[in-house]
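To convert a position in the sequence shown, counted from 1, into this note's numbering, add 5.
We put the beta carbon where it would ideally sit given N, CA and C, even for glycine.
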Amino acid sequence: MIEIQSNRSIQVRRREINPAVPITWDMENDNGRKRIPLKFTSIEYVQVLKQFDAANMKGKYTEIRKIERIQNERWFLQYSAHRDAFKQRSNGSPYEKSLFHGCTDVAVDSIINENFNRAYAGVNGIAYGNGCYFSASAEYSHNFAIPNSFGERHMFLAKVLTGKSTIGNPSMKVPPTG
6 MIEIQSNRSI
16 QVRRREINPA
26 VPITWDMEND
36 NGRKRIPLKF
46 TSIEYVQVLK
56 QFDAANMKGK
66 YTEIRKIERI
76 QNERWFLQYS
86 AHRDAFKQRS
96 NGSPYEKSLF
106 HGCTDVAVDS
116 IINENFNRAY
126 AGVNGIAYGN
136 GCYFSASAEY
146 SHNFAIPNSF
156 GERHMFLAKV
166 LTGKSTIGNP
176 SMKVPPTG
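Rendered as structure tokens:
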């Protein structure tokens with residue numbers, strides 16, 4: 006859009022303010038999902054790298070090629086609704102954690118487009134039941150980030166809603182109620 010004011014024209018980009026998505030998201034020219042490479046000098050990049058290295062990863066990799074912010078508006082809005090409902094039920098106990106998930110490069114696009122899907126459970130075992138497994142330890146998740154033909158590994162740092170703990174078993178299909 007071009008606005009003309011006082012005999013000069015200025016190109017203005019406007020975007021709808023949607024309080025449901027983070028202000029840092031770039032919502033222009035997308036289809037509701039995007040992979041945004043972070044600049045290594047950005048606060049977001051440094052925070053992710055610190056969490057990664059704090060999890061005993063220093064020295065376990067030779068190079069981080071890139072860190073991307075995954076923007077999927079559909080999944081974010083769904084997560085936000087679950088988070089809000091979970092918060093009301095949890096009586097103020099901790100409910101959201103940043104956890105790591107290592108995977109193959111083949112799984113990356115599927116996770117970005119279709120989210121973490123229990124239907125794919127069992128690829129690396131189901132010791133605690135069907136589901137997607139996350140860890141507070143990047144070192145542990147690193148074991149599931151199988152290198153591709155270029156030696157690259159892929160890992161997600163995801164916000165995960167956590168509830169009451171239970172003892173899992175391989176036959177568990179869904180978490181117990183309560």
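Per DSSP, V113 is one residue of the alpha helix (DSSP H) stretching across 110–119. Rounded to whole angstroms, the gap between the alpha carbons of V179 and R88 is 18 Å. Out of R38, I116, W80, K92, the CA that lies nearest to the CA of L166 is found in K92. DSSP places M160 in the strand class (E or B) of the three-state scheme. DSSP places F105 in the strand class (E or B) of the three-state scheme. R123 sits in a helix when the DSSP states are folded into three classes. The beta carbon of F161 lies closer than 6 Å to those of H106 in the same chain, with the five residues before and after it left out.
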